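**Q**
There are 2 protein chains.
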Amino acid sequence: MYSFTEENYLKAIYKLSEREPESITTNAIAEVLETKAASVTDMIKKLSDKKLLKYEKYRGVTLTEKGRLIAVETVRKHRLWETFLHEKLEFGWDEVHDIAEQLEHINSEALTNKLDDFLGNPSHDPHGDPIPTRSGEIKRSNLFLLCDAKPKQKVVMSGVVDHSAPFLQHLNKIAIALGSQIELLDKNEYDGSVEVKLFPSTHLHLSKEVAKNILVKTR
Amino acid sequence: MYSFTEENYLKAIYKLSEREPESITTNAIAEVLETKAASVTDMIKKLSDKKLLKYEKYRGVTLTEKGRLIAVETVRKHRLWETFLHEKLEFGWDEVHDIAEQLEHINSEALTNKLDDFLGNPSHDPHGDPIPTRSGEIKRSNLFLLCDAKPKQKVVMSGVVDHSAPFLQHLNKIAIALGSQIELLDKNEYDGSVEVKLFPSTHLHLSKEVAKNILVKTR
DNA sequence: AATTATTTTTAGACTAGTCTAAAATTTTTA
DNA sequence: TAAAAATTTTAGACTAGTCTAAAAATAATT
């Protein structure tokens, strides 16, 4: 129905609108898709003609409901495939993204739904991101950054901001994974780094760079 | 590395060369790919430039070893995915082809090999076709057509010639599946139809059209 | 408010893949 | 074996998506 390229544009615009509802600029889209602004303008016109987004020259874009649904469906497939790769094929959480970028474009509603069932209708993918439902609903997360936790606060590792392989591999090395029980011992005001206790008994010093890319929830 | 289109051309040429080692004509390729002869000529030139096949104007093509390996790898992925869809996601054997046509182009050696292991390194797909090995070897089949069996001969259903959904659904209806034990009772010389006994006790009359699309082996 | 800087869009060109229509070649047939 | 038929190739055009370079619009700065 829609090309890989169209789906990638819609997904990129959707993800940008998640964090910065305003300012979905041509340049921002070009940057995440690693393409040029001129190409983005061309594609935006095409998607606008197809009523997948609203476009005003020089003023940016917003997805229509139709466009949002396609984007969310693509995200759904991406996260289901990541879950499959991790849970069933034993890929590390740092290895699943690139393969899922290909698999997310496979076009078969029956396949997506059977895969969902096969995986036991998971609510989250291997990075802790919520998996949209069949009807396109997606849970609004109540997570916060580890660097924003209060001293003495006990939290559970529940997601990442940075999804890059190097960051995930770093977490592997220091043995922080989804579900890890963390207690914030101390915050260093000077450089933003934090001291944490990792259940049951590990002491860790985390740089601000690391702490601000870890999502947690209270327990 | 290679585009979907290139892989589809190589696969089509490979399959044609399996059954009719000669006569891999431009028109034959165009027919299986549902495209026009002019398009085939264009693509053949491109694949020839890339040393994936040998091409002499007006004389047809033959795959090089490099081209053959890409084709076989694509077939391998197709059949592994079909097996996954059937064994794990519970798709019928008549439903797996179209989805596997998409999945066969996913480009990740790690994925293919992990999928292979996850499935228990199957030797055949849901239609009885052999799955090529990692190194591109494929078992030469010793199957023959049910319509060529001798009266009184006891055989095992082991594959199909026609892979279309309607034919597979017809086999579903008459309860013939891979592994079915069949005894040829009688051959009708006039119309080529056959009388068979389907283990344990079903009597069936099969038209020649059906019998010549069922592959069997002796038991 | 005018100039400068930045962003966005347009214009025109390129590649991959496809098509139709016409030309070239091969095969068939009488 | 020459004419007719069929097949294959070429020529030129089209779409999707991309790019560079230049023009247009907006935003920032003095």
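Chains as they are written, first to last, in this note's numbering: chain D, 12 to 230; chain E, 12 to 230. Quick reminder that beta carbons are idealized off the backbone N, C-alpha and C, glycines included. What you are looking at is a predicted structure, and each value in this text was computed from that prediction instead of being measured.
1) Classify Ala82 of chain D: buried if its beta carbon has 16 or more other beta carbons within 10 angstroms, exposed otherwise.
2) Check this for me: beta carbons of Asp127 of chain E and Leu91 of chain E, under 7 angstroms apart or not?
3) Report the residue from D:Lys219, D:Gln192 and D:Val205 whose alpha carbon sits nearest the alpha carbon of Thr228 of chain D.
4) Around the C-beta of Phe210 of chain E, are 16 or more other C-beta atoms found within 10 angstroms, so that it is buried, or is it exposed?
5) List, in chain order, every chain E residue whose beta-carbon is nearer than 7 angstroms to that of Gln279 of chain D.
6) Extract the residue ranges of the beta strand (DSSP E) inside the segment 179-207 of chain E, only unbroken runs of 3 or more that lie entirely within it.
7) Since Glu115 of chain D and Thr85 of chain D should fall inside the 8 angstroms C-beta cutoff, what is the C-beta to C-beta distance between them, to a whole number of angstroms?
8) Assign Ile225 of chain E to one of three DSSP states: helix, strand, or coil.
9) Considering only heavy atoms of the ligand COA, does any lie closer than 6 angstroms to the CB of Thr46 of chain E?
10) Assuming the contact rule is C-beta atoms closer than 8 angstroms, His174 of chain D and His108 of chain D should be a hit. Round their C-beta distance to whole Å, please.
11) Please compile the residues from chain D whose C-beta is within a distance smaller than 9 angstroms of the C-beta of Ile117 of chain E.
12) Out of D:Arg87, D:Glu106, D:Leu64 and D:Pro133, which one is the CA nearest neighbour of Glu148 of chain D?
13) Rounded to a whole number of angstroms, what is the C-alpha to C-alpha distance between Phe155 of chain D and Val171 of chain D?
14) What is the residue span of the alpha helix (DSSP H) that Leu21 of chain E lies within?
15) Cutting at 7 angstroms between CB atoms, please list the residues of its own chain near Thr52 of chain E, excluding the five before and the five after it.
16) Quick one: any contact between the segment 200-217 of chain E and the segment 179-188 of chain E, if contact means 3 or more CB pairs under 8 angstroms?
17) Give me the residue from E:Trp104, E:Leu122, E:Asn132 and E:Gln113 with the minimum Cα distance to Glu101 of chain D.
18) Hey, out of D:Ser152, D:Glu112 and D:Arg145, whose CA is closest to Glu29 of chain D's CA?
19) Could you please give me the residues that DSSP links to Met168 of chain D through a beta bridge?
20) If you run the structure through DSSP and keep just helix, strand and coil, what is Leu100 of chain D?
21) For the beta strand (DSSP E) that contains Thr36 of chain D, what are its first and last residues?
22) Taking Cβ to Cβ, would you say Leu96 of chain D is nearer than 7 angstroms to Lys77 of chain D?
23) Relative to the C-alpha of Leu195 of chain D, which candidate in D:Trp104, D:Ile40 and D:Met168 has its C-alpha closest?
24) With 7 angstroms as the threshold, decide whether the Cβ of Phe129 of chain E is near any Cβ in chain D.
25) So, is Glu200 of chain E buried or exposed, given that buried needs 16 or more other C-beta atoms within 10 angstroms?
26) Should Glu106 of chain D go down as buried or exposed, given a rule of 16 or more other Cβ atoms within 10 Å for buried?
27) Return no unless some Cβ of chain E is closer than 7 angstroms to the Cβ of Leu91 of chain D.
28) On the criterion of 16 or more Cβ atoms from any shown chain inside 10 Å, does Gly131 of chain D qualify as buried, or is it exposed?
29) Pick helix, strand or coil for His116 of chain D, following the three-state DSSP scheme.
30) Give me the Cβ distance between Gly139 of chain D and Leu226 of chain D, rounded to the nearest whole Å; I'm assuming they're in contact under 8 angstroms.
31) Rounded to whole angstroms, what is the Cα-Cα separation between Leu58 of chain D and Tyr69 of chain E?
32) Taking the beta strand (DSSP E) that Leu44 of chain E belongs to, which residues open and close that run?
33) How is Gly235 of chain D classed by DSSP in three states: helix, strand or coil?
34) Near Lys219 of chain E, what residues of its chain come up, given a Cβ to Cβ distance below 7 angstroms and the 5 sequence neighbours on each side ignored?
35) Answer with buried or exposed for Gly71 of chain D, where buried requires no fewer than 16 other C-beta atoms within 10 angstroms of its C-beta.
**A** Looking at the coordinates:
1) So Ala82 of chain D ends up on the buried side.
2) For Asp127 of chain E and Leu91 of chain E, yes; Cβs fall inside 7 angstroms.
3) Residue 228 of chain D is actually Lys in this sequence, not Thr. Of all alpha-carbon atoms in D:Lys219, D:Gln192 and D:Val205, the one lying nearest the alpha-carbon of Lys228 of chain D is that of D:Gln192.
4) Per the 10 Å Cβ criterion, exposed.
5) Residue 279 of chain D lies beyond the range of chain D shown here (12 to 230); nothing can be said about it.
6) Fully enclosed beta strand (DSSP E) runs of 3 or longer: 192-198.
7) Sure, about 5 angstroms apart at Cβ, within 8 angstroms.
8) Note: Ile225 of chain E maps to strand in three-state DSSP.
9) The ligand COA is absent from the structure shown, which contains no ligands of any kind.
10) That belief holds up - the Cβ atoms of His174 of chain D and His108 of chain D are roughly 6 angstroms apart, short of 8 angstroms.
11) Near Ile117 of chain E (Cβ distances below 9 angstroms), the residues of chain D are Ile110, Gln113, Leu114 and Ile117.
12) Comparing alpha-carbon positions, the option among D:Arg87, D:Glu106, D:Leu64 and D:Pro133 lying closest to Glu148 of chain D turns out to be D:Arg87.
13) The alpha-carbon separation between Phe155 of chain D and Val171 of chain D amounts to approximately 10 angstroms.
14) Taken as a continuous stretch (DSSP letters only), the alpha helix (DSSP H) holding Leu21 of chain E covers Phe15 to Arg30.
15) In its chain, beyond the 5 residues on either side, Thr37 have a beta carbon closer than 7 angstroms to the beta carbon of Thr52 of chain E.
16) The segment 200-217 of chain E, when compared against the segment 179-188 of chain E, does touch it at the 8 angstroms Cβ threshold.
17) It is E:Leu122.
18) Among D:Ser152, D:Glu112 and D:Arg145, the Cα nearest to that of Glu29 of chain D belongs to D:Ser152.
19) Beta-bridge partners of Met168 of chain D (DSSP): D:Val227.
20) Assignment of Leu100 of chain D by DSSP, reduced to helix, strand and coil, places it in the coil class.
21) No beta strand (DSSP E) holds Thr36 of chain D; DSSP gives it neither H nor E.
22) The beta carbons of Leu96 of chain D and Lys77 of chain D sit no closer together than 7 angstroms.
23) The residue from D:Trp104, D:Ile40 and D:Met168 with its alpha-carbon nearest to that of Leu195 of chain D is D:Met168.
24) Taking CB atoms only, Phe129 of chain E has a neighbour in chain D less than 7 angstroms away.
25) The residue in question, Glu200 of chain E, is exposed, as its Cβ has fewer than 16 Cβ neighbours within 10 Å.
26) Buried, because 16 or more other Cβ atoms sit within 10 Å of the Cβ of Glu106 of chain D.
27) Leu91 of chain D does not count as touching chain E.
28) Result: exposed.
29) Per DSSP, reduced to three states, the secondary structure at His116 of chain D is coil, with no helix or strand assignment.
30) The C-beta distance from Gly139 of chain D to Leu226 of chain D rounds to 7 angstroms, short enough to fall under 8 angstroms.
31) Rounded to the nearest angstrom, the gap between the Cα atoms of Leu58 of chain D and Tyr69 of chain E is 43 angstroms.
32) In the DSSP assignment, Leu44 of chain E falls outside any beta strand (DSSP E), carrying neither H nor E.
33) This structure cannot speak to residue 235 of chain D, because chain D is shown only from 12 to 230.
34) Cβ neighbours of Lys219 of chain E within its own chain (closer than 7 angstroms, five residues either side excluded): Cys158, Asp202, Gly203 and Ser204.
35) That one is buried.
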